[in-house]
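Residue numbers (my numbering): 1 to 220.
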Amino acid sequence: MIEIAPSILSADFTRLGEQIAAAERGGASIIHVDVMDGHFVPNITLGLPVVRSLARATRLPLDTHLMISEPGRYAEQFAEAGAHMVSVHIEVDQHIHRTLASIRKRGAQAGVVINPATSLSALDEVLNFADYVLVMSVNPGFGGQEFIPTSVEKIRRLSRTIRERNLDVRIEVDGGIGPDNIAQVAAAGAEIFVAGTAVFGHDDPAAATRDLLNAAAQLV
Ligand code: DX5
Ligand code: ZN
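So, in structure tokens, the structure goes:
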């Protein structure tokens, strides 16, 4: 099932509740929350208090993407704060099985994130322990970057591996997604589409979300 997960990174933070409600009216089914520490990525965004407030402000599941250096120390706290999905970067977690288990223990879905320069082989031993894989199609840190085209083939290969291994793991994609490339990425096997600029860069986030859903449904 195709789902749009608008990233609040590009939203107007003074009207967050309103903007999320607009995205929901347009058919968004997940809210993507980018947590950055200024260490793993060269940008600082938001943390637990904002996640707690968001959990009260919307019924949509919150998908927290942890771009932080020691995700194992904090992942569980994000699940406790009300996140339904918590993802950690494989590049910075030496004990990722333990982190994924701690997320699941709190009743949230556990995701593994993989950077553009990280090979899919890094996932071999961890795929069985994840509910989803978040494939970065830009280098994490900022919204509004250009989609890296080789991500399509990467997603296709990952999708094939998941099928061959008969796993129940969904593919999410993040970075540079818009109406022009979403159908191609959906055809490659991604199901959850993070979109920041393409949703909140528009005056009408509801219409922009609807456009993405329609574009994803076009066969390529
Ligand atoms: C980038 C973040 C993304 C970002 C996507 O580091 O992880 O979630 O908000 O923004 P767009 O859709 O504008 O590329
Ligand atoms: Zn993200």
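Virtual Cβ for every residue (Gly too), placed ideally from N, Cα, C.
Taking the Cα positions, P71 is about 13 Å away from L48.
The straight-line gap separating the alpha-carbon atoms of I44 and M36 is approximately 5 Å. Under the three-state reduction of DSSP output, H95 falls in the coil class, being neither helix nor strand. I171 is positioned such that its CB atom lies no closer than 8 Å to that of A183. Judged by DSSP secondary structure, E3 falls within the beta strand (DSSP E) whose first and last residues are 3 to 6. M67 has its CB nearer than 7 Å to a heavy atom of ligand 1. Between G27 and T209, the CB-CB gap stays under 8 Å. According to the DSSP assignment, R210 belongs to no beta strand (DSSP E) but to the alpha helix (DSSP H) extending over 205 to 217. Just measuring C-alpha positions, the residue of T99, A81, V51, A130 sitting nearest S69 is T99.
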